Amino acid sequence: MYTFYGNTSSQDIIVAIPALGERKEMFKPLANQMNSYKWLVFDSPGSHQQNLEDYSIATFCAYIQETLEALQISKAHFIGNSLGAWVIQAFTKRYPQYVRSLALLDGGHYFLGERGEVHEDTVISSPIEDFKAIEAAIHELTYSMPQLEQDCYDQFEAYFLHNYPKQGDSYKHHCSEIAYNALSKELITVNHCLTERSIPVSLLIAEASADELSLQKMRAFSERFDNAHCHIVKNGQHYLPLTNTGAVAEILTLELLRNGCD
């Protein structure tokens, strides 16, 4: 459920949580560019068809806390992409003593229930026998995003191909459908957003996600947390650690320096 990247001897530690249904490897390119830090990166719950009795964010936060205790990590900077941005806020509410700063990547700046959406279960993927069909679909998805750096296209495509491991004679998405839908429903029914700012917070919004409601909520977020640093990532796409690695690394490095990293 977790791994280390970067400089494992560093005392400057980053804990990273990926988007809904995604694996810890989502952060590997970003960690490679910010390799002076020690990265502790978690899978989202239900990855690799992991069966759990409870897929709630509260239970995930308890697991993160237990892991930090076992690894003797007393303080860290927390980064979350999409789902991860809400998770790290939920963690901060419960265990603020571990948190040096928060970086929210394309999520977490408002309660998703405010969109008025009704949750509908998602069918992630039935087993697929022809891997070439998966390759074609992911290639099309990759190059539907305009104006990315070529290495970002390459790492995005490679990452998503590995989301479909072979199981017997077919290929299936790694994430538990039960976990995916439980977490998706929780995000629009439970408000995990922080209401008070007691630690440094930065927010990075992908330009592709910056619709009018998101921009309105970003402005409200900035007013609520008067020292928050908000950034719109030019040509940004939803999976920022993969799609806009260089820009995100540059912004986060400056934010971490501002927040006490060497």
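Residues in the sequence shown are numbered consecutively from 1, following UniProt numbering. By construction, the Cβ of each residue, glycine as well, lies at the ideal position given by its N, Cα and C atoms. This structure is a prediction, so every number in the text was calculated from the model and none was measured.
**Request:** Counting only runs of 4+ residues fully inside the segment 11-91, write out the alpha helix (DSSP H) ranges in chain order.
**Result:** 28-33, 57-70
**Message:** Are the CB atoms of His-139 and Leu-203 within a distance shorter than 8 angstroms?
**Reply:** no
**Message:** So for Lys-172, helix, strand or coil by DSSP?
**Reply:** coil
**Under 8 angstroms between C-beta atoms of Phe-111 and Asn-181** = no
**Item:** Cross-strand partners of Leu-194 (DSSP beta bridge)
**Value:** Partner(s): none; Leu-194 has no beta bridge.
**Request:** With DSSP as the reference, please indicate the residues paired to Thr-3 in a beta bridge.
**Result:** Val-41
**Asked** Do you know how far the Cα of Ile-17 is from the Cα of Asp-43?
**Response** 7 angstroms
**Prompt:** Going by the CB atoms, is the gap between Lys-38 and Gly-80 shorter than 8 angstroms?
**Reply:** no
**CA-to-CA distance, His-162 to Phe-131, given in whole angstroms** = 11 angstroms
**Request:** State the DSSP-derived secondary structure class of Ser-9, mapped to helix, strand or coil.
**Result:** coil
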